[in-house]
Each structure stands twice: as C-alpha cells, then as structure tokens.
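*Asks:* Going by our numbering, the sequence shown opens with residue 12, and the numbers climb by one from there. Backbone N, C-alpha and C fix where the C-beta goes; we use that ideal spot for every residue, glycine too. Since we're looking at a predicted model, the values are computed, not measured.
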Amino acid sequence: MNTRCGELKNDEYIGKYVSVKGWIHRIRKQKENTFLLIRDDRGEIIQCIIDSSKTNNITIESSVEVFGLIQKDSRAPEGGYELKADKIHIFNISKNDYPIGEYQSLDLLLEKRHLAVRTRRMTMVSKIRSSILHFSRKWFTDNDWLEITAPVLVKGAVEGGSTLFNLKYFDEEAYLSQSAQLYLEAMIFSLGQVWSMTPSFRAEKSRTVRHLTEFLHLEAEAPWVTLEDLLKFQEELISFIIYNVLKSNRKEFEFLKRNVSELEKISPPFNRITYEKAIDKLQNAEFKIVDDDSSRKIEYGDDLNIESERLLTINSPKPLFVIGYPLKIKPFYVKEDISLPGIGIAADLLAPNGFGEITSGGLREDDLHKLEKRIMLEGLEQSNYDWYLDLRRYGSVPHGGFGLGIERLMRWILNFTDIKDTVPFPRTIRRIYP
Ligand code: AMO
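And the structure:
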C-alpha cells in the first residue's frame, strides 16, 4: 500500500504496515537510529525512524520509498505520528550540494526557482493557486458561462502601446496579447456570456511588487448587460472563490500563517465610490502625485496609482469599486456615459487594505463611428482593428465585461507583499529564467 504522508497521520493507520514515496526533507543521524523527514508529492511530511545502517549515504532531496509501521509518538512533528521503517528503497541519491536550505536569499530562490518550487511554502501557495483556478472555473460553469480560448499572438494593442511586447511573425509585426477582451467580444455573438483564462503579457518597464510581464488573466464578457450586472458578477465570483478556497485550503493558510478572519467576511455587496469622490477624498487627504523630482496635489483627470489606491482602502476590510473614470485615462473601447459626457461606464475593483486594483471592466463602446473616432484619437493603426470594428458593423449589441489578474487576487488573499511569490515561475523586467 502506498499512501501520502498527510493521509497516514491518522489513528486508522496506527499499527499498519505502509509505504510512502517522497523526498528526504531533513536528516538527523544518531548512532543507532536516523530520523528522516519524508516529504511527499504534496508537501506533507512525516517523520520516519530507521536503522542508521540503512541510510549511510542518504542526502537531502534524495528520492525514496520507505516501508514500515505507523506509530504514535508525541515528539514527532506535525501531528505526532511517525513511520518506524524496516526498509528503504532509493530512487536517486541527490547530489549533496542541494542549494535550497532553510534560510535563503530571495535572489537565490528566484535563480533556482525550479528547485525552490519544492519548498513547502511554495507548495502551499501552489495548492492555493490550484484551488483558486478550480473555483473560478466552477463559478463560471455553475452560472452558465461558456469557456473560450483566445489567441496569444495578435496584431493590435488592447491596453495601450507602451506595454506591448513586439515579435516578428514571419514577415509581419505582431505582439503578445495584453488581454483576450477583443476576442471575447467577438464570441458573445454566438455563445452569449463567455469567459477565458489566458496569459496576458505586458512589457512593464518598472519593477513593482504588483506587476508581472506575464500574468494569468481571467476575463469575462456578456451581451446586454449593465454596469450594475458586471459589478454583481465580480462580487459573486470573488466571494465564491474566497469562501471555497478558505474552506478547502485551511491547512495551507495555517502553514502560511495567514490570518483569514477578514477574508471570511468577504461577501457581496462590495463598497463603491465614484472616481470623482475618490479624487475629492484624496485631495482632502493632501495626496500628492510624485513625478521624478517634483510633486503636486492630485487632480481630477489623474489616474489612480498604487499609493492613491492604498490610501482609498487602507482601513477597509471590504473591496472597493471605483466607478466612472474619465475617458481620457481609459482605453479606446470604454463606452461613454451619455448623461455624463467625458465619463466612461467603467469600474476598477480595489482589494482591501491597500492591495490595489485587482479587476478592471465596464461597458464597451458599441457605436461604430464613436469607436472609429476613439481608435483614431489614440493613434492606433485602424487596419489592425478592422475585424473588431466589424463587430459594430454587423449586429452590434450593448455589452461589457471585466478582467481579473489571478496573481493580483492571490497577492491579496495570501497577504503577500510581492506578486512574484504567487506564481511558480515569475516573469518580470529582470527575470525570464528559469
Ligand atoms: P487591465 O489592464 O486593467 O484591463 O487588466 C485587468 C487586470 O489584470 C491585472 N493586471 C496585471 N497583473 C499582474 N501584472 C500586470 N502587469 C498586470 N496588468 C494588469 C490586474 C488588472 O486589474 N481588457 C481590460 C479589462 C476589461 O475591461 O475587461 C484589461 O486588460 O488585476
């Protein structure tokens, strides 16, 4: 019988002869007996006691199968169960210069990420990530949305030219996709409400704790919706993910010492503020925009940056929608509110306690001529968007959607400072290896 360490730590197994496959996590040698901590393929550990003569050349990270009886010993770590082994099978003796230890510099952990993913901390994060993806998918499936996939090689910018990754596509110029949104928009005409989970790429030139150059983008689009509908979808989706992930990953959150009491209270409705009121609030708080060496008071028309977003949510345990941004700080596709000229029917969602923006969305401009004008004003090459404009030429409908950054959501849920910690192989301005 081969079982995982986590399952073996159960009274049912006491006195039973079992085997467990895994890696040597720690070794403590005594004259007669050796204590091995075996780590299984889900980051759970069990103490194993074995005759020292059978473990002569064993090293940290050697891969093994150990056979023996489960017994209780209160001194055994993480639960008080241990495996009294009489046999060990060695798959591979690890070279004895395994570079990842208990205390490591952050740079080394990134350089050796292919090995650092085995640390128990990263295993716990990866398990939570897997659950977040699972429950995201479940929410959409349960609520009658259809999943689609969109191309990653594209001809046009969605979120502005400054963060495009160029590539040579045979004889043409092409880009890595910044967002699947335009393709999702094309699909609503045949599938109704659709969603996708694809990597998005942004050539972010600055190094920040919340920007990756490649991130996992969960995007949704639906015909005949209002902004109110879109806000509700996001409230329900995010609350559903958090509720279920907390339920299924209690052990992982405990391991990471994440106090989840505030997350447990996340439920609809979220807080709301208009962009205009948000600016008033920031002005009243004397918030300053710092550009290079100068600084000035924030003004209506400025985009919100990480510091201003932090100030808006600093003492708030609830996420906050900022609604109605000026069109000039939003992309070309945002629909104008005809009752408030110059204002887009768009909202960003800010995570609580200063974690900043985690989603962006709103209604899309569905009028052909207005959209053509916006494409022109933004200096975009109209021929790259001709297919997109067809969506407005042939049976255009009011519609809208939103995009959520999985790593941004995780950064908040895990209470991590650096977004790089939420993903096994982060891509940033400085790192594309391993
Ligand atoms: P936006 O550019 O705001 O909007 O992106 C949507 C969400 O994606 C996440 N995100 C990022 N995560 C990590 N690193 C980055 N560099 C990064 N950039 C963005 C954030 C953000 O809220 N098409 C629109 C959305 C829409 O209107 O549907 C879009 O891409 O969580």
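1. Curious, which full-length beta strand (DSSP E) runs of at least 3 residues does the region 333-403 contain?
2. Let me check one thing: in DSSP terms, what residues is E184 bridge-paired to?
3. Is any heavy atom of the ligand AMO found at a distance shorter than 8 Å from the C-beta of S420?
4. Note down, in chain order, each residue of its chain lying with its Cβ closer than 8 Å to the Cβ of S137, except the 5 sequence neighbours on either side.
5. With DSSP collapsed to three states, give me the class of K288.
6. Would the C-beta of R221 count as close to the ligand AMO, meaning under 8 Å from any of its heavy atoms?
7. Helix, strand or coil for R269 per DSSP?
8. Out of M133, V29, D97, A185, which one is the CA nearest neighbour of N395?
9. Which ranges does the alpha helix (DSSP H) cover as unbroken runs of at least 4 residues, wholly within the region 91-127, from first to last along the chain?
10. Three-state secondary structure (DSSP) at T237?
11. What does M208 pair with, by DSSP beta-bridge criteria?
12. Skipping 5 residues on each side, what residues in its chain have a beta carbon closer than 7 Å to that of S319?
13. Check the C-beta distance from T152 over to S207 and give it rounded, since I have them as a contact under 8 Å.
14. Taking only heavy atoms of the ligand AMO into account, decide whether any of them is closer than 8 Å to the Cβ of S147.
15. Under 8 Å Cβ to Cβ from P279, same chain only, skipping five residues before and after it: list those, please.
16. Assign K20 to buried or exposed, taking buried as 16 or more other Cβ atoms, counted over all protein chains shown, within 10 Å of its Cβ.
17. Measuring straight from C-alpha to C-alpha, what distance separates W398 and D313?
18. Could you give the DSSP three-state label for G203: helix, strand or coil?
19. Helix, strand or coil: how does DSSP classify S63 here?
20. Measuring alpha carbon to alpha carbon, tell me which of L361, E215, D429 ends up nearest N11.
21. Which two residues bound the contiguous alpha helix (DSSP H) that contains L322?
22. Could you name the residues of the same chain whose beta carbon sits closer than 8 Å to that of I23, not counting the 5 residues immediately before and after it, in chain order?
23. Where does N260 fall in DSSP's three states?
24. Following the continuous alpha helix (DSSP H) through I49, name the residue where it begins and the one where it ends.
25. Going by the C-beta, is E184 closer than 8 Å to any heavy atom of the ligand AMO?
26. Tell me, to the nearest whole angstrom, how far the beta carbon of G367 is from that of I356; I am working on the premise that it is less than 8 Å.
27. For Y286, is the classification buried or exposed, using 16 other Cβ atoms within 10 angstroms of its Cβ as the cut-off for buried?
28. List the whole-angstrom C-beta distance separating R283 from I340, where the pair is believed to meet the contact cut-off of C-beta under 8 Å.
29. For I369, does the count of other Cβ atoms within 10 angstroms reach 16, so buried, or fall short, so exposed?
30. Just list the residues that DSSP pairs D302 with in beta bridges.
31. Give a yes or no on contact between the region 418-433 and the region 193-204, applying the rule of three or more CB pairs nearer than 8 Å.
32. Between the C-alpha atoms of G414 and S371, what's the straight-line distance to the nearest angstrom?
33. Is R213 near the ligand AMO, going by C-beta to nearest heavy atom under 8 Å?
34. Compute the minimum distance between the beta carbon of R41 and the heavy atoms of the ligand AMO, and state whether it is under 8 Å.
35. Can you have a look at V301 and say buried or exposed, based on whether 16 or more other CB atoms are within 10 angstroms of its CB?
36. Is any non-hydrogen atom of the ligand AMO found closer than 8 Å to the C-beta of L322, if you look at the structure I gave you?
*Replies:* In this structure, then:
1. Segments of the beta strand (DSSP E) lying fully in the region 333-403: 357-362, 367-374.
2. K179
3. Reading off the sequence shown, one finds Leu at residue 420, where the question assumed Ser. Correct: L420 has its Cβ closer than 8 Å to the ligand AMO.
4. V128, P435
5. helix
6. At least one heavy atom of the ligand AMO falls within 8 Å of the beta-carbon of R221.
7. coil
8. A185
9. List check, alpha helix (DSSP H) in window: 117-122, 124-127.
10. T237 falls in the coil class under three-state DSSP.
11. L229
12. L293, F298, I309
13. The distance from the Cβ of T152 to that of S207 is about 13 Å, inconsistent with a contact at the 8 Å cut-off.
14. no
15. K243, E246, E247, S250
16. buried
17. Spanning the two alpha carbons is a distance of roughly 32 Å.
18. coil
19. Helix at S63.
20. The first residue shown for the chain is 12 and the last is 445, placing residue 11 beyond what the model contains.
21. Under the DSSP assignment, L322 falls in the alpha helix (DSSP H) whose first and last residues are 317-324.
22. The sequence shown places Glu at residue 23, rather than the Ile named in the question. The same chain holds no residue with a CB closer than 8 Å to that of E23 once the five nearest residues on each side in sequence are set aside.
23. coil
24. Run containing I49: none in the alpha helix (DSSP H); it sits in the beta strand (DSSP E), 44-50.
25. no
26. That belief does not hold up - the Cβ atoms of G367 and I356 are roughly 22 Å apart, past 8 Å.
27. The Cβ neighbour count for Y286, taken over all protein chains shown within 10 Å, is at least 16; the residue is labelled buried.
28. No, R283 and I340 are not in contact; Cβ-Cβ is about 19 Å, not under 8 Å.
29. buried
30. S305
31. no
32. 6 Å
33. yes
34. For the sequence presented, residue 41 should be read as Gln rather than Arg. Not so, every heavy atom of the ligand AMO lies at least 8 Å from the Cβ.
35. exposed
36. No - the ligand AMO has no heavy atom lying nearer than 8 Å to the Cβ of L322.
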